[in-house]
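Inspection log for the structure reproduced underneath, given as structure tokens.
Chains as they are written, first to last, in the UniProt record's numbering: chain D, 1 to 354; chain P, 1 to 354; chain B, 1 to 354; chain L, 1 to 354.
Right, here's the structure in full:
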């Protein structure tokens, strides 16, 4: 790592930028945030003022060619991920792009190609790859503690959690999809990260948009990114189910932004022939095993680290050393493949072979 | 219903016969159990003595042509269901055959054809169709209280419950399969019964035999139908996963006789756009709905009836009136179709279109 | 509502004023807090500075005749409620007085008369009348969903919760009473609010001061408004029981600031012939009903509003429109009648007819 | 105690006689059951045969004057308690009469007078006086461990438990009342037994018959002593509330055979200034106390005895020794006084002074 401070920009000054990217870059001594950019001038100004960032802009193109600028975080809505990322890669900058990589696999591959062509880093904001529990699980799997993992079940289901009904989240053109893109991306990414180099063979899925077909009749007790915009669009799935065959285990999944089942069920279960693990998303995990005739259930505890801080640190390290890290697009694109195939299978009501 | 007592036989004097079929037939005033048959003479004798049954036999063929005999219950191991049932149907007797109908769909269809050809009743022991909770749910669905049901998730997973390892349960030739045949049959039957006339479009599944590949190393705390016979065979699945597309909702399922996850999860969830229901298998159910902006969670309680008694009574009523009931093979065969397709899909690692 | 901002004062700058009245008034665009008053100068100063209130005073009489002042919140200890409220009403100001209305029914009636005489609003801080759960219950009762309500049981019992032992709370001259005045007032008010226009026929009660008769020997784990002042006075009840006959249901109650029963029991149960409701004080509620032969238990969830904000808003609306609201002294005085009669009955060890 | 066997009769051969009185008398070596009497001949015969009782009768008057007969158990419906008991006392026999003593206080006093006049024992079947937990509590109270007991709360409330709707239980002429007579009698008896010699000063109560006003519409899941006789009578209370002032603590109570609250709440709480006890009816109890600043919650465990056996043994001992025991009518009549006053107060909607 060099002594010189790396100059960066943060594109998009919404909540993920101001709560995570900017504060964590500021904790890194070798980083200087030179620009904050947002198409809404007030948002850019407020962020610049609050965090002491010297320059602000409303059009990211105005900073593309600043030779001092070495890297950017892309924190915009999903639909802007690909064009902005590609522009910065083409301008010779390293990019950390928030998840999901893009609206679809085609875009994600274009981003990947731009990174190769320009020989720049492209990391995706798969922050759970820096979660302490997730890494403990990955290490246990690598060490063979679970034996052969034959199946993974993943559940990301809530009672009422459609975000910003009628806004960007529920408008397919802007978000690329609903609960699968918003939540499923994290769950699938954890699974593929933990399993290591697994390839997908085939995918069968179905998606539904049921709970707010008629937006006015959607009953809820609170709404993140709300209130609803009843004049807006809701054309994404609130429920997804699927079965994925891989070169390793089968994976099946159920996800619901909203459903008429009042239990929250956010977890991943890894079933191995020696041991199994249930990970509560964002929380701790339990290991089920046996020792002779005795069945054991173990709840580990451990010190945790700030996963967003580790994500930013890892991106800067990659940018400076040229070593691809766990968040590099090459590692992550499999999740986009899975999601793309799930949507295609749902659309055709038929299994998709990859 | 006529005044005359209907004379019946019970074939197989194992636990389902002596705990349910025989005692419940004895509660019916219009039924007389004339024979109890078992290939093990002691078992037949004990049952005859205990329940005051006038005749016993070790070979069911000796009673096939008794003109007084009108109906039989087939309570043998799975592999004997089809030949015995078909023989009695050909002999002009009504048959109540324990679940699963047969080892596979081919056999089940032969049984169904024999029933048609001989114009006799063939009911299957789908006892959950007489469960009070199940019928409340079916009635609610029929009344439209759940609205459009778009997905059903069903989980029949236990920590350690392989029955009689090395015996008939784990020998495919005798049982037809493992956890799908033993437990899944009940869950799928409840689903298809509650949904009414739904047809299957396609099935994708996978099965695993992992926990007792090496029988000696299978750790457990208790074993139903045990102890293990380590010189026996275990060639059936202990885990099944699948996704079923139907003319109605999609259905996905996870089932485990044994797994390295220490939570029992035995339930069915019906997701409707108006309301949803979670049924705890063998227990009560919760209804999730909304009333204006208020979300409601309702736990009904109700008087329950003895489901086996109702099953026997319904069979006798059908035999006497000639009216096909909810347990008739015509209603039930869809579950065998689903199971057959799950096994075929697992075998080919590919979706099966029906 | 007019465009002009209404100028108000807050009398008493203790915790209820600084945590609820002042912050919530500041959220109202049509309200300007002109004065904050407290007999302790530091408290008045701190509140003025923290909330940007232009004027402070230590003697409320200095602001009585400010013609700009239209309304006041009285947030003093209980013994000062009546004299301050009456002075402001006589000065032509609307008053929102914290609960309990007064030390006793005589004072409460004098306050009510002053409101009538001066044609000004007098609201009492019965904040639970703005609680979402309470209003759902009231609406259900109004809609006849509970049928005929024949009995209400109310329990406000804690293991150890005497507040400020030896201070104003436990000095009858300053508080008017103990757990009945401090907690019971809320429970009775919720009941009378939900029942609508019910009148009291007779009251039978008993009160006890047992747990801290000897203040030094009172064992406790924490004390709100503490620590104890062992040189102070404790002459109020820590336990109350009673039976109230009304023109509607009977009501019985048990309340304990402290007792040798280690379970907290804070709830109200409404028993109707069609359905019943158990409200957990400050929390959610459960509805028990039946549908044919099926008994149902329903737990609703719903968006909640800030009840203190609604209380302030409703007071300002009343002051501006002249329409009496749900918190008006006329609606609320029945609770003071009930409490007065409970104390009198306890004193005479005999039923009191109203 | 003498060597000679005491000859007794059991009058009434219903469930309390055949499950408790007769089997427990048979365990006593110094007792011989000479007669079993029931107005239904089959019931008397069956009991005589099953338990090897030499004589049976349908009319108790035929055995009144058998000089060998020394004592009787009266196990008939409530309405027959007084006349049969008085006849046997007048005939010079000792009597153990099932609870409640009689239909009302007038009858109970006539029974008491008959016992005095004839100098014979009259015990009532207050079986909880032989319950181990109850006696531990009584001993603790006697030893001063609770300090001054100032209040007792007693709750005997169930969701749906009206017994034999339309039969003797719900017909006031035969039972004397509803839930107060059937369940309350046990709770009040435990309280008065534990408190020792307390007298009642005044009583205020209310009773309701709400849940099965229209018998056909009463929803339930099971019914003891059922099924309902819809052509019968239901004129007793299913709910009772009350407040009792005594020379010791106040007592308040809520009792429900049925109500629209789905939680069973069957307990008695004794509130003392040194400690308190919560007794779960028919189960264990918890002691709440303090030791310095530490609050303690103690759940005792202990060996238990068969309370019905102890009740029978105590009656026989009393009959033989002439010493009045804890179940003697003199000890027990206070419960009848309380119940009588509760009904009178409910009837007059006014407090009753005793």
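For each residue, glycine too, the CB sits at the ideal point set by N, CA and C.
For residue i, the first and last residue of its enclosing beta strand (DSSP E)
i	result
residue 31 of chain D	31-37
residue 300 of chain B	294-301
residue 270 of chain B	265-272
residue 245 of chain P	239-246
residue 11 of chain L	6-11
residue 252 of chain B	250-256
Proximal residues to residue i (C-beta, below 7 Å), its chain only, five neighbours per side dropped
i	result
residue 16 of chain L	75 and 98
residue 246 of chain D	198, 199, 200 and 201
residue 357 of chain P	Outside the modelled stretch of chain P, which goes from 1 to 354, sits residue 357 of chain P, for which no answer is possible.
residue 92 of chain P	118 and 120
residue 275 of chain B	145, 146, 147, 287, 288 and 289
Buried/exposed call for residue i, threshold 16 Cβ in 10 Å
i	result
residue 218 of chain L	buried
residue 73 of chain L	buried
residue 230 of chain B	exposed
residue 278 of chain B	buried
residue 188 of chain D	buried
residue 19 of chain L	exposed
residue 173 of chain P	exposed
residue 385 of chain P	Lying outside 1 to 354, the shown extent of chain P, residue 385 of chain P is not represented and no answer is given.
residue 298 of chain L	exposed
residue 4 of chain L	exposed
residue 347 of chain L	exposed
residue 351 of chain P	buried
Beta-carbon contacts of residue i that lie in its chain and below 6 Å, excluding the five residues immediately before and after
i	result
residue 314 of chain P	325
residue 149 of chain D	249, 270 and 272
residue 53 of chain D	33 and 36
Three-state secondary structure assigned by DSSP to residue i
i	result
residue 154 of chain P	strand
residue 106 of chain P	helix
residue 1 of chain B	With a pLDDT of 41 at residue 1 of chain B, under the threshold of 50, the predicted position of this residue should be treated as unreliable, though the coordinate-derived value follows. DSSP places residue 1 of chain B in coil when its eight states are reduced to three.
residue 234 of chain P	coil
residue 262 of chain P	coil
residue 97 of chain L	strand
residue 127 of chain L	helix
residue 79 of chain P	helix
residue 184 of chain L	helix
residue 319 of chain D	helix
residue 326 of chain P	coil
residue 24 of chain P	helix
residue 64 of chain D	coil
residue 122 of chain L	strand
Presumed contact (8 Å Cβ cut-off) between residue i and residue j, rounded CB distance
i	j	result
residue 329 of chain L	residue 101 of chain L	7 Å
residue 342 of chain L	residue 205 of chain L	4 Å
residue 103 of chain B	residue 79 of chain B	6 Å
Residues of its chain near residue i, where Cβ-Cβ distance is below 8 Å and the 5 sequence neighbours each way are ignored
i	result
residue 58 of chain P	37, 38, 39, 40, 41 and 44
residue 166 of chain P	215, 228, 229, 230, 231, 232, 233 and 234
residue 212 of chain B	162, 165, 170, 218, 234, 238 and 258
residue 349 of chain L	206
In the region 299-320 of chain B, which residues sit with their C-beta less than 9 Å from some C-beta in chain A, listed in chain order?
Going by chain labels, chain A is absent from the structure shown, which instead holds the protein chains D, P, B and L.
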